[in-house]
Each structure stands twice: as structure tokens, then as C-alpha cells.
Amino acid sequence: MEYYENGDAIRSVDTNSVLTNTFFRMFLGLLASAGTAYYVYSSGLYISVIMNGYFFPLIIAELVVVLVFSLLIRKLSPAMVTLLFFAYAFLNGFTLSVIFPVFELTSIVYAFAGTAALFGVLSLIGYTTKKDISKWSSILTVALLVGLVLTVVNIFVGSSFLDIALDWAILLIFFGLTIYDINKIKAMQDAGFCDDEKLYVYGAMQLYLDFINIFLRILSLFGKRRN
């Protein structure tokens, strides 16, 4: 870039670097989850996870890791933050293994590819928007909490219509969260939220969660189930 003396140009270079490093770590997290999920499925270990009642403890462990990660991000060292991120990615790989016996492999691949394409578009929108979307956070958080509560309720109700409606609603919520999170990472970098390495991993965790949730909703809505 030719305009290094211009402050905006310098910030642009810094932001590009932050997003590049963030996406790279997110990709590594997705790779760790995908590899773990396929190994757990192909080895038959997923049967033990389900039959021995390990599935819900794994989900609880994931929630604990995310809470520790989110609440202590400023206090933890970059190495510990990175460790927590990949611990979550591997744990999530165990829980994601159950999609393989439910959906055909081609559907999983297509859903992943579709998610990647959509994620790229959403990221571009979040990166280029000039609008103030800081207020999206509270709106999207409340909407997501309502969606999660209704999802739990529907486990007992068993309404297929509500299930589809919730899939669409939560999918749209995570579309918004992806745009918001990309924009937020830029703002955090400008504000000097924390050192670069922790910001990369923090951003990777947020985007990883967005990607996985979009992927699961797309798979649920469009994926072809095994007979």
C-alpha cells in the first residue's frame, strides 16, 4: 500500500492483519473439530459417547470452557486462551460426531460448503459496513436466548413446525451475529482491547461459534437424513 503516512491506511493494514490471523485460527479450530468428529464416528467411539451418557456432560464441559474463556479473557495468558479455544474445538468434535450417523456424508459436505460461502458473504458485509451496528448485540442476544428457551421447550412438545421455524429463526440470528462479530473485532482492534494474540483467538472463538451454528441449522433444514 502506498499511503503509509495516512492514519486510515495504517489502520486498514492492521485490521486486515487481525482478520487474517483470526480467520486462520478459526480455520484451525474447525479443522480440529472436523477431524475429531470424523474419527469419533469412524472408530465407533460415538456409540460409547451416546450409550454411556457422556453426551450431555460433554455439552456441559463445552459451556464451562466458553464461560471461562469469555469471563477471563483479559486475565489469562495468550497461551491459556489458545489452549481453551482448542479444548473447546476438540470437545465440540466429540458432540458433532453424532451428525454422521444421522445425515448422509454428501449432505454434510454440501452443508459445510454452503456455510463457508454464506459465511464469506456475511463477513464481507460486516467488514465493509459503515453503519453503527453496536446496538445489534442486545437485540441478537435476547432473540437467541428466546430461541434457545423455545428449543428446550420443543424437546418436550415435539412440534415439527416449531422445530423448523426455530431453525430458520436461529439461522437468521447467527447471520446477524456473524456480521456483528466481524465488525466488533475491527472495533476491538482499534480500541486496543487486548494484545494481538489474544484478540486473534477471541475473534476466532466468536466466529467459530457463528460458523458451527449456521452449519448445524443449514444441515438440519436441508440435509438428507439416512434411512
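In my numbering, the protein residues as written are 1 to 227. For glycine and all other residues, C-beta sits at the position ideal for the given N, C-alpha and C. Please read these numbers as outputs of a predicted model, since none were measured by experiment.
Review point. Is it right to say residue 37 is buried, meaning 16 or more other beta carbons lie within 10 angstroms of its own, or is it exposed?
Key: To locate residue 37, count along the sequence shown from 1; it is residue 37. Around the Cβ of residue 37, a 10 Å sphere holds 16 or more other Cβ atoms; the residue is buried.
Check your understanding: So, are the CB atoms of residue 40 and residue 86 less than 8 angstroms apart?
Key -> By one-based count along the sequence shown, residue 40 stands at place 40. By one-based count along the sequence shown, residue 86 stands at place 86. No, the Cβ-Cβ distance between residue 40 and residue 86 is not below 8 angstroms.
Check your understanding: On the three-state DSSP scale, how would you describe residue 226?
Key -> Locating residue 226 in the sequence shown gives position 226, where the first residue counts as 1. Looking at residue 226 - three-state DSSP - the assignment turns out to be coil, as it is neither helix nor strand.
Exercise for review: Give a yes or no on contact between the stretch 103-116 and the stretch 51-66, applying the rule of three or more CB pairs nearer than 8 angstroms.
Suggested key: Judged by Cβ distances under 8 angstroms, the stretch 103-116 makes no contact with the stretch 51-66, as fewer than three pairs qualify.
Check your understanding: Any contact of the stretch 177-185 with the stretch 123-136, i.e. 3+ C-beta pairs under 8 angstroms?
Key -> Yes: at least three Cβ pairs fall under 8 angstroms.
Review point. Count the other CB atoms within 10 Å of the CB of residue 92; is the residue buried (16 or more) or exposed (fewer)?
Key: In the sequence shown, counting from the first residue as 1, residue 92 sits at position 92. Buried, since its Cβ has 16 or more Cβ neighbours within 10 Å.
Practice item. With distances taken Cα to Cα, identify the nearest neighbour of residue 165 among 220, 135, 132, 185. Key: Residue 165 sits at position 165 when you count from the first residue of the sequence shown. Comparing Cα-Cα distances from residue 165 to each of 220, 135, 132, 185, the minimum goes to 220.
Review point. In chain order, what residues of the same chain lie with their CB nearer than 7 angstroms to the CB of residue 136, ignoring the 5 residues before and after it?
Key: The sequence position of residue 136 within the sequence shown is 136, counting from 1. Close CB contacts of residue 136 within its chain, under the 7 angstroms cut and outside five residues either way in sequence, are with 176, 180 (chain order).
Review point. Exposed or buried, what is residue 50 when buried is set at 16 or more other beta-carbons lying within 10 Å of its beta-carbon?
Key: Numbered from its first residue, the sequence shown carries residue 50 at position 50. It is exposed - the Cβ of residue 50 has fewer than 16 other Cβ atoms within 10 Å.
**Study point:** Contact the stretch 14-31 vs the stretch 200-220: 3+ CB pairs below 8 angstroms
**Key:** Verdict: yes, contact present.
Check your understanding: In terms of residues, what are the limits of the alpha helix (DSSP H) holding residue 129?
Key -> Counting from 1 along the sequence shown, the entry for residue 129 is found at position 129. Boundaries for residue 129: no alpha helix (DSSP H) harbours it, and the DSSP string shows neither H nor E there.
**Study point:** Sequence-distant residues of the same chain with beta carbon closer than 7 angstroms to residue 152, five excluded per side
**Key:** Counting from one through the sequence shown, the residue named residue 152 turns up at place 152. Within its own chain, no residue has a Cβ closer than 7 angstroms to the Cβ of residue 152 once the five positions on either side in sequence are excluded.
Review point. Sorted by chain position, which residues of the same chain lie with C-beta nearer than 7 angstroms to residue 99's C-beta, five sequence neighbours on each side aside?
Key: As a first step, residue 99 must be located in the sequence shown, where it is residue number 99. Here the set comprises 108, 219.
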